[in-house]
Each structure stands twice: as C-alpha cells, then as structure tokens.
Amino acid sequence: MKNYSKETKDEVIRLHLKEGRTIKSLTQEYHLGSGTLQYWLRELRKECQNNPYIEEVTLSLE
C-alpha cells in the first residue's frame with residue numbers, strides 16, 4: 235500500500251470538493267486507487283459529523 239502525504243491528500247480532496255473534479259480524473263492524475271479517494275472522502279465526512287468546526291471549514295471549500 236502506498237502512503238500519500240497529507241499535502242497530497244488535502245489537495246486531492248480540495249480539488250474534488252471545491253473545483254468539482256471527478257474521482258476518476260483525480261485517481262488517474264494522482265495515480266490513486268478509486269477506493270483510496272473514496273475512503274478519504276468517507277473519513278472526512280465522519281470527521282465533519284463529529285466536529286462542527288471541521289464541517290464549517292469543509293463547507294467553505296465547497
């Protein structure tokens with residue numbers, strides 16, 4: 235399993251949420267498995283549910 239830096243993870247998530255990039259285009263560009271990006275997004279949603287501040291920050295990215 236390949237490890238990705240926090241910066242890469244944050245950038246890919248930002249591109250998806252803020253710029254509307256598709257999971258397919260991002261996984262191809264960053265050489266990610268589609269499951270990896272879906273997992274990152276799922277984990278972010280869980281964090282947002284547990285912490286209202288994170289939800290506010292995330293919504294500001296959209």
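Convert by adding 234 to the 1-based position in the sequence shown; the result is the number in our numbering. Built from N, CA and C at the ideal position, the CB exists for glycine as well.
Per DSSP, the continuous alpha helix (DSSP H) segment holding S268 begins and ends at 268 to 284. Around the Cβ of H265, a 10 Å sphere holds fewer than 16 other Cβ atoms; the residue is exposed. A direct Cα-to-Cα measurement between T242 and E281 gives close to 18 Å.
The beta carbons of G254 and T261 sit no closer together than 8 Å.
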